[in-house]
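Colleague:
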Amino acid sequence: MRRLRLVARLDIKGSNLIKGVNLEGLKIIGEPNDYALRYYQNGVDELIFMDVVASLYSRNQLGEIIKKATENIFIPITVGGGIRSVGDANQVLRYGADKIAINSAAIKNPKLINDLANKFGSQSVVLSVEAKKIREDFWEAYSNNGREKTGLNVIDWIKIGVERGAGEILLTSIDQEGTRKGFDISLAAAAVKVTQVPIILSGGMGSVNHLNDVVKKTGIEALAIADVLHTNKINIKDIRKAAINYGLNVRRFDE
Numbered sequence: 007m008r009r010l011r012l013v014a015r016l017d018i019k020g021s022n023l024i025k026g027v028n029l030e031g032l033k034i035i036g037e038p039n040d041y042a043l044r045y046y047q048n049g050v051d052e053l054i055f056m057d058v059v060a061s062l063y064s065r066n067q068l069g070e071i072i073k074k075a076t077e078n079i080f081i082p083i084t085v086g087g088g089i090r091s092v093g094d095a096n097q098v099l100r101y102g103a104d105k106i107a108i109n110s111a112a113i114k115n116p117k118l119i120n121d122l123a124n125k126f127g128s129q130s131v132v133l134s135v136e137a138k139k140i141r142e143d144f145w146e147a148y149s150n151n152g153r154e155k156t157g158l159n160v161i162d163w164i165k166i167g168v169e170r171g172a173g174e175i176l177l178t179s180i181d182q183e184g185t186r187k188g189f190d191i192s193l194a195a196a197a198v199k200v201t202q203v204p205i206i207l208s209g210g211m212g213s214v215n216h217l218n219d220v221v222k223k224t225g226i227e228a229l230a231i232a233d234v235l236h237t238n239k240i241n242i243k244d245i246r247k248a249a250i251n252y253g254l255n256v257r258r259f260d261e
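Per the numbering used here: the sequence shown = residues 7 to 261.
Here it is in structure tokens:
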């Protein structure tokens with residue numbers, strides 16, 4: 007069993023860390039680098055920075071934030087939003103990101119996944135999938151930070167993305183995102199069944215019980231956590247300690 011990764015997700019608008027519910031109603035939380043550094047110092051395994059308005063402006067605007075983050079943070083960093091080409095991805099990686107996440111551009115041009123994997127390696131390419139439940143066992147993929155329907159079946163899209171070279175999936179439940187009501191276990195289970203690449207499940211973390219529930223029932227190997235961290239409802243140290251107590255395979259912070 008692979009080690010469970012605890013990932014802090016930071017959604018960015020302009021220069022601010024923001025948070026919403028169901029990817030809507032965004033409110034300003036604070037200065038993203040202050041939060042990123044705190045999560046790193048508390049032992050988070052990875053960070054995800056997502057420019058949530060990048061698709062509207064056709065470019066990723068996180069350059070200065072990422073460059074500043076990498077001065078003091080030495081864990082893997084994934085950056086997403088507005089990456090439309092190999093050139094865009096190269097620029098983001100030059101800022102200091104370890105992985106790039108793509109969604110809207112990949113839906114418009116799936117070959118972009120191949121191009122990025124061929125240029126940078128599959129390990130650097132994360133397919134970001136925003137899933138909204140339409141009916142039992144069917145989720146539709148959305149783009150532009152949950153603003154646009156695509157008509158794509160999420161599970162089929164994951165299979166296509168992996169076949170084209172995506173080395174990881176960031177799977178966000180629009181329905182659960184920001185609600186603190188728990189992860190979409192049926193979504194996670196369906197996704198895990200169709201691919202061997204790592205899946206980071208995002209959306210719904212409200213308590214340590216939610217973490218244990220989804221991992222034990224689905225075998226998911228990475229969880230993205232945002233709202234409960236930003237509001238200090240739970241901190242990374244407490245989550246890691248609880249995971250160890252549950253018998254989950256997580257990194258011990260003193261390693």
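Just so you know, even glycine gets a beta-carbon here, dropped at the ideal spot from N, CA and C.
Given this structure, state the Cα-to-Cα distance separating Ile250 from Leu23, to the nearest angstrom.
Modeller: 29 Å
Colleague: Should Asn109 be labelled buried (16 or more other beta-carbon atoms within 10 Å of its own) or exposed?
Modeller: buried
Colleague: To the nearest angstrom, how far is it from the Cα of Asn78 to the Cα of Leu43?
Modeller: 7 Å
Colleague: Would you kindly work out how many angstroms separate the C-alpha atoms of Ile245 and Gln182, rounded to a whole number?
Modeller: 19 Å
Colleague: Return the first residue and the last residue of the alpha helix (DSSP H) that Thr237 is part of.
Modeller: Unbroken run through Thr237: none, as it is neither H nor E.
Colleague: Helix, strand or coil, according to DSSP, for Ala172 in the structure here?
Modeller: Reduced to three states, the DSSP call for Ala172 is coil.
Colleague: Quick one: what does DSSP say Leu193 is sitting in, helix, strand or coil?
Modeller: helix
Colleague: Based on the DSSP output, what are the partners of Arg15 in its beta bridges?
Modeller: Ile54
Colleague: Would you mind working out which of Lys165, Gly184, Ile89 and Ala172 sits nearest Asn124, comparing C-alpha positions?
Modeller: Ala172
Colleague: With Gly102 as the anchor, note down where its alpha helix (DSSP H) starts and where it stops.
Modeller: It is not in any alpha helix (DSSP H) - Gly102 carries neither H nor E in the DSSP assignment.
Colleague: Could you spell out the range, first to last residue, of the alpha helix (DSSP H) harbouring Tyr148?
Modeller: Run containing Tyr148: none in the alpha helix (DSSP H); it sits in the beta strand (DSSP E), Phe144 to Ser149.
Colleague: May I have a chain-ordered list of the beta strand (DSSP E) segments no shorter than 3 residues that lie completely inside the stretch 206 to 235?
Modeller: 228 to 231
Colleague: Please report how far the alpha carbon of Asn215 lies from the alpha carbon of His236, in whole angstroms.
Modeller: CA-CA distance, Asn215 to His236, rounds to 19 Å.
Colleague: What is the C-beta distance between Ile191 and Asp219, in whole angstroms, given that I count them as a contact (C-beta under 8 Å)?
Modeller: 7 Å
Colleague: When you compare each of Leu16, Gly210, Lys187 and Gly225 to Pro204 by their alpha carbons, which one comes out closest?
Modeller: Comparing Cα-Cα distances from Pro204 to each of Leu16, Gly210, Lys187 and Gly225, the minimum goes to Gly225.
Colleague: On the criterion of 16 or more Cβ atoms from any shown chain inside 10 Å, does Ser149 qualify as buried, or is it exposed?
Modeller: With 16 or more other CB atoms across the displayed protein chains lying within 10 angstroms of its CB, Ser149 is buried.
Colleague: Within 10 angstroms of the Cβ of Gly209, are there 16 or more other Cβ atoms? Answer buried if so, exposed if not.
Modeller: buried
Colleague: Just reading off the alpha helix (DSSP H) that Asn48 is part of, what are its end residues?
Modeller: Segment: none, Asn48 is in no alpha helix (DSSP H) and carries neither H nor E.
Colleague: Mind checking Arg100: buried by the 16 CB within 10 Å criterion, or exposed?
Modeller: exposed
Colleague: Taking just the CA atoms, how far does Pro82 sit from Gln47?
Modeller: Going by the C-alpha atoms only, they are around 14 Å apart.
Colleague: Could you pull the DSSP bridge partners for Gly178 from this structure?
Modeller: First, the residue type needs correcting, since residue 178 is Thr and not Gly in the sequence shown. For Thr178, the beta-bridge partners assigned by DSSP are Glu136 and Ser208.
Colleague: Going by Cα to Cα distance, which pick from Val160, Ile72 and Val92 is closest to Phe144?
Modeller: Val160
Colleague: How is the alpha helix (DSSP H) around Ile71 delimited, first residue to last?
Modeller: Gly69 to Asn78
Colleague: Distance check for Glu227 and Ile106, CA to CA, integer angstroms please.
Modeller: 19 Å
Colleague: With DSSP run on the structure shown, which of helix, strand or coil describes Arg141?
Modeller: strand
Colleague: Compute the beta-carbon to beta-carbon distance between Gly157 and Glu146, rounded to the nearest angstrom, for a pair I have assumed lies under 8 Å.
Modeller: 7 Å
Colleague: Going by the beta-carbon positions, is the gap between Ala112 and Gly167 smaller than 8 Å?
Modeller: yes
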